[in-house]
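*Asks:* Chains as they are written, first to last, in this note's numbering: chain A, 57 to 246; chain B, 57 to 246.
Backbone N, C-alpha and C define an ideal beta-carbon position, used for all residues, glycine too.
Here it is, the structure in full.
Number of protein chains: 2
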Amino acid sequence: MDKKLKPKDALIETASRLFKLRGYCGVGLNDIIAESGVPKGSLYHYFPEGKEQLATAAINYTKQLVIEDIQQVFADASNPLDAFQTYVYELSKAFGEGGDPLGSPIGTIAGETHTTSETIRLACDSTFKDWQAIYAEKFLEAGYSAQDSTSLAVTFHALTEGGILLALTSKSGKPLEAIANQIPFLLAQK
Amino acid sequence: MDKKLKPKDALIETASRLFKLRGYCGVGLNDIIAESGVPKGSLYHYFPEGKEQLATAAINYTKQLVIEDIQQVFADASNPLDAFQTYVYELSKAFGEGGDPLGSPIGTIAGETHTTSETIRLACDSTFKDWQAIYAEKFLEAGYSAQDSTSLAVTFHALTEGGILLALTSKSGKPLEAIANQIPFLLAQK
DNA sequence: CCATACTAATAGACCAGTCGTTATAATTTA
DNA sequence: TAAATTATAACGACTGGTCTATTAGTATGG
Chain A
57 MDKKLKPKDA LIETASRLFK LRGYCGVGLN DIIAESGVPK GSLYHYFPEG
107 KEQLATAAIN YTKQLVIEDI QQVFADASNP LDAFQTYVYE LSKAFGEGGD
157 PLGSPIGTIA GETHTTSETI RLACDSTFKD WQAIYAEKFL EAGYSAQDST
207 SLAVTFHALT EGGILLALTS KSGKPLEAIA NQIPFLLAQK
Chain B
57 MDKKLKPKDA LIETASRLFK LRGYCGVGLN DIIAESGVPK GSLYHYFPEG
107 KEQLATAAIN YTKQLVIEDI QQVFADASNP LDAFQTYVYE LSKAFGEGGD
157 PLGSPIGTIA GETHTTSETI RLACDSTFKD WQAIYAEKFL EAGYSAQDST
207 SLAVTFHALT EGGILLALTS KSGKPLEAIA NQIPFLLAQK
């Protein structure tokens with residue numbers, strides 16, 4: 057087990073990492089306990105409802121990580137478009153650096169489970185909505201109308217999710233780079 | 057078995073449909089033979105390399121279906137932006153109509169397998185690139201520069217993939233509707 | 001200060017079921 | 001008759017989940 061972490065946190069962290077890479081069905085509990093070093097008895101002690109409950113915890117953990125990333129980049133930028141471009145550009149660098157393979161934070165899980173697990177689907181849906189709410193808030197602050205702000209938040213979030221998917225499918229940061237380069241030319245008339 | 061179809065085609069069609077809904081790992085061969093009515097012996101007769109080979113065939117089948125959709129909508133429109141808006145708007149209606157649940161054509165498969173099956177990853181990657189090539193061609197015809205055309209193709213494709221993911225996660229066509237509504241305001245300065 | 005008691009946590013063996021795959025027999029088609 | 005196709009049973013490996021036994025940790029009582 058990761059000696060620095062408590063067993064429960066080790067499970068959440070390992071599950072989060074593996075689910076990003078291989079999705080929900082693609083990761084077995086045996087993979088998670090093997091990588092985290094936490095015995096199966098402990099897994100069912102902390103997550104008595106099993107895999108779904110662990111996945112929900114992993115989704116919420118990932119949600120928080122992403123929120124911190126987003127807020128950081130918005131705090132450093134003077135307007136939402138700049139912030140968003142910086143964010144996507146940093147993603148492109150991360151995917152392009154050829155280190156450990158990354159994954160889609162929760163997109164893959166959402167795609168797999170939307171028809172099979174309402175619990176997980178709802179966790180993903182609320183995560184997406186929370187991320188979008190941050191974007192929308194920033195657009196609102198920048199003077200966009202309420203309606204435009206929410207629509208733009210959805211649009212830019214979709215752009216991010218799609219861009220990540222293209223990046224990991226092509227094993228390259230270039231799709232995200234192309235998207236980031238296009239961002240300044242979007243919405244120029246507003 | 058679907059009496060209208062030859063066994064091989066029935067397998068491809070059923071596999072394609074189920075993979076869209078639940079991804080690659082989420083669908084077992086038993087599901088596919090049960091729904092298609094094709095016996096397991098026939099599956100391994102037509103696809104001796106097993107699940108990966110069937111998935112590759114399903115991906116290529118889906119690729120073609122989407123290409124026909126895209127070309128249809130571009131044939132009916134006078135410029136690429138209109139065509140793209142129409143396309144996304146039609147997607148939003150399909151996802152919003154509350155009939156049989158839809159799925160991401162191959163996005164979910166790509167997200168699951170990019171680290172585990174190079175064969176499938178490459179099939180998804182070439183599919184994405186083929187779709188983008190159609191978009192790029194249309195932008196080129198409309199007078200955009202070669203570089204802008206490819207970047208815009210990637211950007212709009214990412215928008216579609218992300219929009220579909222948001223739609224199926226929220227079980228609603230609204231995310232795609234919001235995206236479609238934003239499209240006319242994008243690129244206004246070009 | 002130690003002994004006791006109680007609970008939280010750990011450790012895996014184990015379960016029934018399913019996975020993708022293989023093997024082989026039966027049947028149909030040419 | 002030969003080949004193509006269908007049908008079914010079975011394989012070992014693995015799945016998520018259950019179970020019991022044991023250990024570690026802590027609070028309490030004398």
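Shorter than 8 Å from the beta carbon of A/Ile123 to some beta carbon of chain B?
*Replies:* Closer than 8 Å: no.
*Asks:* Consider the Cβ of A/Ser226: report whether some Cβ of chain B lies at a distance smaller than 8 Å.
*Replies:* True, the Cβ-Cβ gap to chain B drops below 8 Å.
*Asks:* Going straight from the alpha carbon of B/Ala91 to that of B/Ser160, what length do you get?
*Replies:* In the sequence as displayed, the identity of residue 91 of chain B is Glu instead of Ala. The straight-line gap from Cα to Cα measures roughly 20 Å.
*Asks:* According to a CB-to-CB cut-off of less than 7 Å, which residues of the stretch 149-168 of chain A neighbour chain B?
*Replies:* Answer set for the stretch 149-168 of chain A: Pro157, Ser160, Gly163, Thr164, Ala166, Gly167 and Glu168.
*Asks:* Would you say the stretch 175-189 of chain B touches the stretch 199-213 of chain B, given that touching needs at least three Cβ pairs under 8 Å?
*Replies:* The stretch 175-189 of chain B vs the stretch 199-213 of chain B: in contact.
*Asks:* Whose CA, out of A/Ala71, A/Arg177, A/Glu153 and A/Leu222, lies closest to the CA of A/Ile88?
*Replies:* Cα-wise, what sits closest to A/Ile88 is A/Ala71.
*Asks:* Could you tell me which uninterrupted beta strand (DSSP E) segments, each at least 3 residues in length, are contained entirely in the stretch 149-175 of chain A, listed from first to last along the chain?
*Replies:* Runs of the beta strand (DSSP E) inside the stretch 149-175 of chain A: none found.
*Asks:* Please report the straight-line C-alpha distance between A/Pro231 and A/Phe151, rounded to a whole angstrom.
*Replies:* Approximately 10 Å, taken between the alpha carbons.
*Asks:* With a 10 Å radius around its C-beta and 16 neighbouring C-beta atoms as the bar for buried, classify B/Ser207 as buried or exposed.
*Replies:* Answer is buried; the Cβ neighbour count reaches 16.
*Asks:* For B/Val144, which option in B/Gly154, B/Phe130, B/Pro157 and B/Gly155 has the closest C-alpha, if you only look at C-alpha atoms?
*Replies:* Closest option to B/Val144, Cα to Cα, is B/Phe130.
*Asks:* Whole-angstrom Cβ separation of B/Gly79 and A/Gly167, contact assumed at under 8 Å?
*Replies:* That pair is a contact at about 6 Å.
*Asks:* Under three-state DSSP, which class holds A/Phe103?
*Replies:* Three-state DSSP puts A/Phe103 in coil, outside helix and strand.
*Asks:* Can you list, in chain order, the residues of its chain with a C-beta nearer than 7 Å to that of A/His170? Leave out the 5 residues immediately preceding and following it.
*Replies:* Around A/His170: Arg177.
*Asks:* How about B/Gly163 and A/Thr172: are their beta carbons less than 8 Å apart?
*Replies:* Result no, Cβ atoms of B/Gly163 and A/Thr172 do not sit closer than 8 Å.
*Asks:* Indicate the three-state DSSP secondary structure (helix, strand or coil) for B/Val83 in the structure shown.
*Replies:* It is coil, neither helix nor strand.
*Asks:* Hey, is B/Thr70's beta-carbon within less than 8 Å of any beta-carbon in chain A?
*Replies:* Not closer than 8 Å to any Cβ of chain A, the Cβ of B/Thr70 fails to qualify, so no.
*Asks:* Between A/Asn237 and chain B, is any beta-carbon pair separated by less than 8 Å?
*Replies:* True, the Cβ-Cβ gap to chain B drops below 8 Å.
*Asks:* Please report how far the alpha carbon of A/Lys59 lies from the alpha carbon of A/Lys227, in whole angstroms.
*Replies:* Any reading at A/Lys59 is ruled out, since the residue's pLDDT is 49, under 50, leaving its predicted position unreliable.
*Asks:* Roughly how many whole angstroms lie between the Cα atoms of B/Pro95 and B/Asn86?
*Replies:* For B/Pro95 and B/Asn86, the distance between alpha carbons rounds to 9 Å.
*Asks:* What are the residues of the stretch 73-98 of chain B that lie near chain A, defined by any Cβ-Cβ distance shorter than 7 Å?
*Replies:* Residues passing the 7 Å Cβ filter: Leu77, Arg78, Gly79, Cys81 and Gly82.
*Asks:* Between A/Phe195 and the rest of its own chain, which residues show a CB-CB distance below 6 Å, the 5 nearest in sequence each way excluded?
*Replies:* If we look at A/Phe195 and ignore the five residues flanking it on each side, its Cβ neighbours are Pro136, Ser205 and Leu208.
*Asks:* Excluding the 5 residues flanking B/Lys76 on each side, which residues of the same chain have their C-beta closer than 8 Å to its C-beta?
*Replies:* Excluding positions up to five away in sequence, the list reads Thr118, Leu158, Gly159, Ser160, Pro161, Ile162 and Thr164.
*Asks:* Please list, in chain order, all residues of the same chain as B/Leu221 whose beta carbon is under 7 Å from its beta carbon, the five residues on each side excluded.
*Replies:* Closer than 7 Å at Cβ, skipping near neighbours: Ser160 and Gly163.
*Asks:* Under 7 Å: does the beta carbon of A/Asp125 sit that close to some heavy atom of the ligand FMN?
*Replies:* Looking at this structure, you won't find the ligand FMN or any other ligand, since it has none at all.
*Asks:* Please report whether the beta-carbon of B/Leu137 lies at a distance below 8 Å from any beta-carbon of chain A.
*Replies:* Judged by the 8 Å Cβ criterion, B/Leu137 is not in contact with chain A.
*Asks:* In chain B, which residues lie less than 8 Å from A/Ala234 when you measure between Cβ atoms?
*Replies:* Neighbours of A/Ala234 on chain B, chain order: Thr206, Ser207, Val210 and Thr211.
*Asks:* Would you say B/His170 faces chain A, with C-beta separation under 8 Å as the test?
*Replies:* Answer yes: the Cβ-Cβ gap between B/His170 and chain A drops below 8 Å somewhere.
*Asks:* Label A/Thr175 either buried or exposed according to how many other C-beta atoms from any shown protein chain fall within 10 Å of its C-beta, with 16 as the threshold for buried.
*Replies:* Classification of A/Thr175: exposed, given that the 10 Å Cβ count is below 16.
*Asks:* Take the Cβ of A/Asp181 as the centre, count every other Cβ of all protein chains shown within 10 Å, and call the residue buried at 16 or more, exposed below.
*Replies:* So A/Asp181 ends up on the buried side.
*Asks:* Do we get a CB-CB distance below 8 Å when we pair B/Gln127 with the residues of chain A?
*Replies:* Taking Cβ atoms only, chain A never reaches closer than 8 Å to B/Gln127, which makes this a no.
*Asks:* Where does B/Gly229 fall in DSSP's three states?
*Replies:* In this structure, B/Gly229 counts as coil in the three-state DSSP scheme.
*Asks:* Any beta carbon of chain B sitting closer than 8 Å to that of A/Gly218?
*Replies:* For A/Gly218, the answer is yes, since a Cβ of chain B falls inside 8 Å of its Cβ.
*Asks:* Is it true that the CB of B/Gln141 sits closer than 8 Å to the CB of B/Pro63?
*Replies:* No.
*Asks:* Where does A/Pro240 sit, in a helix, a strand or coil, going by DSSP?
*Replies:* Correct three-state label for A/Pro240: helix.
*Asks:* Measure how close the beta-carbons of B/Ser134 and B/Glu233 come, nearest whole angstrom, since I'm counting them as under 8 Å.
*Replies:* That pair is no contact at about 22 Å.
*Asks:* One question on the structure: do B/Ile115 and B/Thr183 come within less than 8 Å of each other, judged by their Cβ atoms?
*Replies:* For B/Ile115 and B/Thr183, yes; Cβs fall inside 8 Å.
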